[in-house]
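For reference, the structure is listed below as structure tokens.
Residue numbers (my numbering), protein chains in the order written: chain A, 69 to 238; chain B, 69 to 238.
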């Protein structure tokens, strides 16, 4: 067992021994979802004030709305959420590379078969060069999508990894 | 401003006023990623023992490895993670519907234009009927993918929403 797997087991022992929330329902109690980045420096529950059971939390590289659409539709249509809080962040890895860089790394590290598999199914890593612009673009993308009802409330934010602060920009 | 947006602002005030972790680096310090579900009843940091800065956390509907592949490739190839902890959970919404159910809801709630947009770009909601089987299948999918290096350590787990406990199954 790896050190990381041992850590999951010991954390789970400690957490479950004090756990009192086994009664929570499947649909989020406060009927909202948070979409944010997978970045290791973000703790959504603490930074954005999400109590257990209150909100869906979707996370991917760059907090991409496009990438999250499957989950967003399920959250809204099957589990009743009515509001989206979209949070990207300063210092995001997605600001540091292009699709071409990523293709190059895959070919160098994993070989030409991997590159062929990549090109056959995952053509866009969805990097961006303008943080605030990317938040606004994703909010617009969700507002425009026929798959997101018009009465869903959508806001866009930037989390500052340097200060722990979250600031609204859309 | 909605009540949920006000809550983000007040939580951010409180969190940032005590924040001391502005020095953390972009790459995850412990070089691993956790892939889990967006479910509102899961707090990965607490339940799986993830300290701020240690791991990427990817979350989507059902903790789908297929859906997360873009983020996983970025995590490994650009930010140096070497281990995947995949956690699905009891009581998952993905156990409760089929693609046909979801298509039907989209058509009923959002109309035929929305259904057409859905079918043009997002054909599979990736539901599953066997929880432990779905964990094993996703671990196998990642192990088999040419886009995940052979020396990446992968484990599969089930979080019990009733008890707060996380149990390894693959």
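Note that beta-carbon positions come from the ideal geometry of N, C-alpha and C, so glycine has one too.
- Item | Supposed close pair residue 163 of chain A, residue 197 of chain A - CB separation, criterion 8 Å | 6 Å
- Item | DSSP three-state assignment for residue 233 of chain B, whether helix, strand or coil | coil
- Can you name the residues of chain E whose CB is closer than 7 Å to the CB of residue 72 of chain A? This model lacks chain E altogether, as its protein chains are A and B.
- Message: Just to make sure I have the definition right: I need the residues of chain B whose C-beta is within less than 8 Å of the C-beta of residue 90 of chain A. Which are they?
- Response: 229, 230, 231, 232
- Task: State the Cα-Cα distance for the pair residue 161 of chain A and residue 166 of chain B, rounded to the nearest angstrom.
- Result: 35 Å
- Residue of B:90, B:76, B:115, B:91 minimising C-alpha distance to residue 79 of chain A: B:115
- Message: Per DSSP, what are the beta-bridge partners of residue 168 of chain B in this structure?
- Response: Bridge partners of residue 168 of chain B: none, in fact.
- Item | Residue of B:210, B:89, B:135, B:72 minimising C-alpha distance to residue 195 of chain B | B:135
- Query: What residue from B:231, B:179, B:107, B:71 has the CA that sits closest to residue 218 of chain A's CA?
  - Reply: B:179
- Message: Check for me: the alpha helix (DSSP H) holding residue 140 of chain B runs from which residue to which?
- Response: 137-141
- Query: Who are the neighbours of residue 79 of chain B on chain A, taking C-beta pairs under 9 Å?
  - Reply: 114, 115, 116, 117, 118, 234
- Query: The beta strand (DSSP E) with residue 215 of chain A in it runs from where to where?
  - Reply: Neither: residue 215 of chain A is in no beta strand (DSSP E) and is coded neither H nor E.
- Is residue 253 of chain B near residue 153 of chain B, with beta carbons less than 8 Å apart? Since the displayed chain B opens at 69 and closes at 238, residue 253 of chain B lies outside it and no answer follows.
- Hey, does residue 219 of chain B have any beta-carbon neighbour from chain A nearer than 8 Å? no
- Message: Let me confirm a value: residue 128 of chain A is counted as buried when at least 16 other C-beta atoms fall within 10 Å, else exposed. Which label applies?
- Response: buried
- Item | Under 9 Å by beta carbon: chain A residues contacting residue 94 of chain B | 107, 108, 109, 159, 160, 161, 164, 229
- With distances taken Cα to Cα, identify the nearest neighbour of residue 138 of chain B among B:222, B:213, B:227, B:230. B:213
- Task: Verify the CB distance criterion: does residue 145 of chain B have a CB-CB separation below 8 Å to chain A?
- Result: yes
- Query: Which full runs of the beta strand (DSSP E) of 3+ residues lie inside the segment 72-117 of chain A, going along the chain?
  - Reply: 100-105
- Query: In angstroms, rounded to a whole number, what distance separates the CA positions of residue 168 of chain A and residue 133 of chain B?
  - Reply: 23 Å
- CA nearest to the CA of residue 108 of chain A, picked from A:233, A:229, A:235, A:238: A:229
- Neighbour-count burial assignment, residue 177 of chain B, 16 or more Cβ in a 10 Å radius: exposed
- Task: Measure the C-alpha to C-alpha separation of residue 119 of chain A and residue 72 of chain B and round it to an integer number of angstroms.
- Result: 12 Å
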